[in-house]
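Written out below as structure tokens is the structure these notes cover.
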Amino acid sequence: MSATEISAPFEQAKPMRRPWQRDLAGVLIIGVAAVAGYFLFPDNLALLTRIIAIMLLVLSLDLVTGYCGVATLGHAALFGAGAYAAGIAAVTFGITEPLSMVAIGAVAGAVAGLVSGVVILRGHGLAQLVLSIAVIHLFHEAANKASTYTGGSDGLSGIAPDPVFGLFAFDLWGRTAYVFGIVLLILVFVLLRILVRSPFGMLCRGIRQDPIRVSAMGASVKASLIKMYVISGAVAGVGGALNAVSTQVVGLDSLSFTNSAEALVMLVLGGAGSLYGALVGTIVFMWFEHVVSAANPFHWLTIVGALLIAVVLFAPKGLYGTAVTLMKRFIGSRQ
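Position in the sequence shown (first residue = 1) + 445 = the numbering used here.
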């Protein structure tokens, strides 16, 4: 096998010459959208903060599914682990400083990612999906049984985070929680952009395209995937902690299979293998779901299903991926 053939997966995943420009553009777009959301929907800041938390979950899922090619339907286990860890830290141990709660959620998500990764990566293809479903149900049942700490089916309440830096209190309108969530999202987004362009990120893309070839090069495929699973768990844990801080309650729904399945749908909707696609898919799905369910509470699932079918049929690369492809064709036709 020639050196050219071995390096092919990495050549296909080369970043642009000036990737920092795309990063800056992404941060500016997030900032502009955040300001617009704050002023256009002042009565829906709680929903927007919830969308931000789910964005972090979908971003974490994109790391293992979009960039590594690992099929999973149990990623909400990492999100729920972060949410419960932050909530238990506040209620049981009195750790109510918001940044400390987020850090605890990130650590708990990373640990849950390590455990989940070790189990799920023992299988391939359909077996991975089955194992991931088993993992999410085990986490759900564990949280339900540990009712002394988690509240069981009643949920964990009584979470009262302190003001951010002692200055910005969490109010009923959700303004502080919204700004806090935006800052976390931007920080995580920038770090993940750096990660996916790093040699480790290129290695994971190569594993997705041809794991046998990467293994022949001397790299440990399983170890690399587990590392990415841990990083993914930390990101999901931050999202879970943000959800706990903003809503001040944690329920078993954060560990539900439905949460995992919807996260995967959002990723496919926006476009897997692109952090921008994860953001777009989350916004479109959750806002569309919110609007349609309010307009037609009896048949909104049918309308959402029709949207997903249309996207899969006419935009197989997702909304963001298809938009980028069309833009490239348009620019190419004008040159």
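Backbone N, C-alpha and C fix where the C-beta goes; we use that ideal spot for every residue, glycine too. If you're wondering where the values come from, they're calculated on a predicted model, not measured in any experiment.
Give the secondary structure of PRO464 by DSSP, where H, G and I count as helix, E and B as strand, and everything else as coil. Of the three classes helix, strand and coil, the one that applies to PRO464 here is helix, per DSSP.
SER677: buried (16+ other C-beta within 10 angstroms of its C-beta) or exposed? When all chains shown are included, SER677 counts as buried.
Can you check DSSP and say which residues form a bridge with PHE775? Its beta-bridge partners do not exist; DSSP assigns none.
Give the single residue among THR770, VAL690, ALA664 whose Cα lies nearest to the Cα of GLY716. With distances taken between Cα atoms, GLY716 lies closest to THR770.
Where do the ends of the alpha helix (DSSP H) carrying ALA528 lie? Counting along the chain, the unbroken alpha helix (DSSP H) around ALA528 starts and ends at 521-536.
Comparing alpha-carbon positions, which option in GLY532, ASP468, ILE497 lies nearest GLN693? Nearest option by C-alpha distance: GLY532.
Counting C-beta neighbours from all protein chains within 10 Å, is the total for ASN741 16 or more, i.e. buried, or is it exposed? Around the CB of ASN741, fewer than 16 other CB atoms lie within 10 Å, so the residue is classed as exposed.
Can the beta-carbon of ILE565 be found closer than 8 Å to that of VAL515? It is a contact, given that the beta carbons lie within the stated cut-off.
Boundaries (first-last residue) of the alpha helix (DSSP H) holding CYS649: From DSSP, the alpha helix (DSSP H) with CYS649 extends over 644-654.
Could you pull the start and end residues of the alpha helix (DSSP H) that TRP618 belongs to? It is not in any alpha helix (DSSP H) - TRP618 carries neither H nor E in the DSSP assignment.
Could you check if LYS590 is buried or exposed, using at least 16 other CB atoms within 10 Å of its CB as the buried criterion? Note on LYS590: under 16 other CB atoms within 10 angstroms of its CB, so exposed under the neighbour-count rule.
Is the distance from the Cβ of LEU637 to the Cβ of LEU544 below 8 Å? Their beta carbons are not under 8 Å apart, which means LEU637 does not touch LEU544 by this criterion.
In chain order, what residues of the same chain have a beta carbon less than 7 Å from the beta carbon of ILE728, not counting five sequence neighbours either side? Within the same chain, ILE728 has close Cβ partners ILE496.
Rounded to whole angstroms, what is the Cα-Cα separation between ILE754 and LEU714? When rounded, the distance between both Cα atoms is 10 Å.
Below 8 Å between beta carbons: does that hold for LEU601 and THR593? Cβ distance not < 8 Å, so LEU601 and THR593 don't count as in contact.
Which residues DSSP lists as bridging VAL695, in chain order: According to DSSP, which records beta bridges pairwise, VAL695 is partnered with LEU601.
Restricting to runs no shorter than 3 residues, where is the beta strand (DSSP E) found entirely within the segment 728-764? Along the segment 728-764, the beta strand (DSSP E) does not occur as any fully enclosed run of 3 or more residues.
Is VAL515 helix, strand or coil when you go by DSSP? Reduced to three states, the DSSP call for VAL515 is coil.
Over what stretch of residues does the alpha helix (DSSP H) that includes MET500 continue unbroken? Element bounds for MET500: 490-506.
Span separating the alpha-carbon of VAL749 from that of TRP732: Note on geometry: alpha-carbon atoms of VAL749 and TRP732 lie some 11 Å from one another.
Which residue or residues does DSSP assign as beta-bridge partners of VAL609? VAL609 is bridged to PHE613.
Inter-residue Cα distance where the pair is ILE652 and VAL659: C-alpha separation (whole angstroms): 6 Å.
Same chain, Cβ closer than 8 Å to ALA605, neighbours up to 5 away in sequence not counted: So the qualifying residues of the chain are ALA535, THR541, GLN693.
8 Å CB neighbourhood of LYS773 in its chain, flanking five on each side removed: Answer for LYS773: no residue qualifies.
For the candidate residues SER577, ALA521, LEU490, whose alpha-carbon lies nearest to that of VAL683? With distances taken between Cα atoms, VAL683 lies closest to ALA521.
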